[in-house]
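Using this note's numbering, the first residue of the sequence shown is number 1, and each one after it goes up by one. The C-beta atom is built at its ideal place from N, Cα and C for all residues, glycine as well. What follows is one structure encoded as structure tokens, with my remarks underneath.
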Amino acid sequence: AHDEHEEEMLMEMFNESDMDGDGLLNLTELEHFIEDLDAWENPPMGYVTLHVEAEGEYGFAHPTDLEFHLMMAGDGHEGHDDHAGHDDHDDHGDEDGHDDHGDEDGHADEEDGHDDGDAEESLNYDPHSWLSPLAFKAQVTVVMDGLTTAFPDGEADFKANADAYSAQLTALDVAFDAAFGADGICMAGGHQKMVAANHNAYSYIAVEYDIKFMTVHGLDPEGEPSPEDVAKVVDFIKEEGITVLFVEEYTDQSSVQSIVDETGVEIKILYTMEMAPSDSTDDYLSMMTKNLENLVS
């Protein structure tokens, strides 16, 4: 366990490494911090800073045998709580073609109602970068480089596979742009590019293809909403005149059906790929294609 002296040492080392004083460590500053840790006899396993700008649920996924300390953000970072094991988070399975994604999303609890996708929510951190084909394409390159470094003999195969997969991602991006871009079928048809969804997970799609997402809160795909939550969703749908509501695959079906019965809204699926799909034959490309088809329809 770390005593107060060790915490003070960590904070001092962190602040010395934080050369620009922004409270974060860039790559150069992190290297300096790691060098200091390496020079420290019996150093702790790691040091993490989490900046919380809004009320919400946050967490870290870590091995069960790792003792985890929290230092609060008061002056001098007074006080800390010990947390061992997995604290209030679930492990999400690994789908084809994307990285593991835990509950440490940085999702902040919003006020009841909704948020406009191009307004306040766009300022919040959105970890769902893989939902943009172009961002995911960049991630493919990162994976290829990592594999090549670890297994140089496989460089040719890694590059061939990455190039082939990247070509499919480029085609997917072209398809999204053909639907929602400046010259896409939505603009040509005079359709409004406004989407009502139950999860604020689509900032990358919103920015890339100029789609406005309205978040309807109260339907959590990982839990059963309360009657009060459902009532608020029903009221909001009626007030806003929403005719189509996009939900995630595992959203509670009984609650969804009650909303349909009350409002007549049409329900469609958007896959965020935070959990393994119910159809084991689905992968990233197939689910993103379904997302595109559902959005277009």
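Return the residue from the list V234, S203, L131 that minimises the CA-CA distance to T289.
Taking the sequence shown and counting its residues from 1, the one referred to as residue 289 is at position 289. Answer by Cα proximity: L131.
Would you kindly report the start and end of the unbroken beta strand (DSSP E) that includes L245?
Within the sequence shown, residue 245 is the residue found at index 245, counting from 1. Note, L245: beta strand (DSSP E), 244-247.
Determine the DSSP secondary structure at K232, reduced to helix, strand or coil.
Stepping through the sequence shown from its first residue, residue 232 is reached at position 232. K232 falls in the helix class under three-state DSSP.
When the Cβ atoms of the stretch 229-238 are set against those of the stretch 246-259, are three or more pairs found closer than 8 Å?
Result yes; three or more Cβ-Cβ pairs closer than 8 Å.
Using the rule of at least 16 other Cβ atoms within 10 Å of the residue's Cβ for burial, across every protein chain shown, is D33 buried or exposed?
As a working mapping, residue 33 is identified with position 33 in the sequence shown. For clarity, residue 33 is Phe in the given sequence; the question names Asp instead. Buried, by the Cβ-count rule.
Below 8 Å, can you find three or more Cβ-Cβ pairs linking the stretch 268-288 to the stretch 150-162?
Verdict: no, contact absent.
Could you tell me whether the Cβ atoms of I211 and L245 are closer together than 8 Å?
For the purposes of this step, residue 211 is identified with residue 211 of the sequence shown, where counting begins at 1. For the purposes of this step, residue 245 is identified with residue 245 of the sequence shown, where counting begins at 1. Going by C-beta atoms, I211 is not nearer than 8 Å to L245.
Which whole-angstrom value is the C-beta distance of N198 and V234, which I expect to be below 8 Å?
The sequence position of residue 198 within the sequence shown is 198, counting from 1. The sequence position of residue 234 within the sequence shown is 234, counting from 1. About 13 Å; that fails the 8 Å criterion.
Can you check the stretch 167-203 for any beta strand (DSSP E) of at least 3 residues that lies completely inside it and give the ranges in chain order?
Within the stretch 167-203, the complete beta strand (DSSP E) runs of at least 3 residues are 194-197.
Do M214 and M194 have their C-beta atoms closer together than 8 Å?
As a working mapping, residue 214 is identified with position 214 in the sequence shown. As a working mapping, residue 194 is identified with position 194 in the sequence shown. It is a contact, given that the beta carbons lie within the stated cut-off.
Looking at the unbroken alpha helix (DSSP H) that takes in M144, where does it start and where does it end?
Counting from 1 along the sequence shown, the entry for residue 144 is found at position 144. Where M144 is concerned, the enclosing alpha helix (DSSP H) stretches over 133-150.
Are the beta-carbon atoms of E317 and S17 separated by less than 8 Å?
The requested residue 317 is not part of the displayed model; the chain covers only 1 to 297.
Looking at the unbroken beta strand (DSSP E) that takes in E266, where does it start and where does it end?
Sequence index remark: in the sequence shown, residue 266 carries index 266 (1-based). That run of the beta strand (DSSP E) goes 266-269.
Could you check which residue in A201, H217, G184, G264 has the C-alpha nearest to that of V296?
Translated into positions along the sequence shown, residue 296 becomes position 296. Minimum Cα distance to V296 is reached at G184.
Do V216 and A201 have their C-beta atoms within less than 8 Å of each other?
If you number the sequence shown from 1, residue 216 lands on position 216. If you number the sequence shown from 1, residue 201 lands on position 201. Cβ distance not < 8 Å, so V216 and A201 don't count as in contact.
Throw me the rounded Cβ distance for the T251 and V265 pair, which I believe falls under 8 Å.
Locating residue 251 in the sequence shown gives position 251, counting from the first residue. Locating residue 265 in the sequence shown gives position 265, counting from the first residue. Incorrect: roughly 13 Å between the Cβ atoms, too far for contact.
What does a CB cutoff of less than 7 Å around M144 pick up in its chain, not counting 5 residues either side in sequence?
Numbered from 1 along the sequence shown, position 144 holds the residue referred to as residue 144. Cβ within range, chain order: F158, K159, A162.
Sorted by chain position, which residues of the same chain lie with C-beta nearer than 6 Å to A178's C-beta, five sequence neighbours on each side aside?
In the sequence shown, the residue the question calls residue 178 occupies position 178. Hits under 6 Å: G184.
Rounded to whole angstroms, what is the Cα-Cα separation between E293 and S286?
The residue you call residue 293 lines up with position 293 of the sequence shown. The residue you call residue 286 lines up with position 286 of the sequence shown. E293 and S286: Cα-Cα distance of roughly 11 Å.
Please report the straight-line C-alpha distance between G181 and P152, rounded to a whole angstrom.
Counting from one through the sequence shown, the residue named residue 181 turns up at place 181. Counting from one through the sequence shown, the residue named residue 152 turns up at place 152. The alpha-carbon atoms of G181 and P152 are separated by roughly 40 Å.
Assuming D282 and S203 are in contact, meaning their beta carbons sit under 8 Å apart, how far apart are those beta carbons, in whole angstroms?
As a working mapping, residue 282 is identified with position 282 in the sequence shown. As a working mapping, residue 203 is identified with position 203 in the sequence shown. About 23 Å; that fails the 8 Å criterion.
Between S255, M9, G241, Y165, which has its C-alpha nearest D220's C-alpha?
Locating residue 220 in the sequence shown gives position 220, where the first residue counts as 1. Measuring from the Cα of D220, the nearest candidate turns out to be S255.
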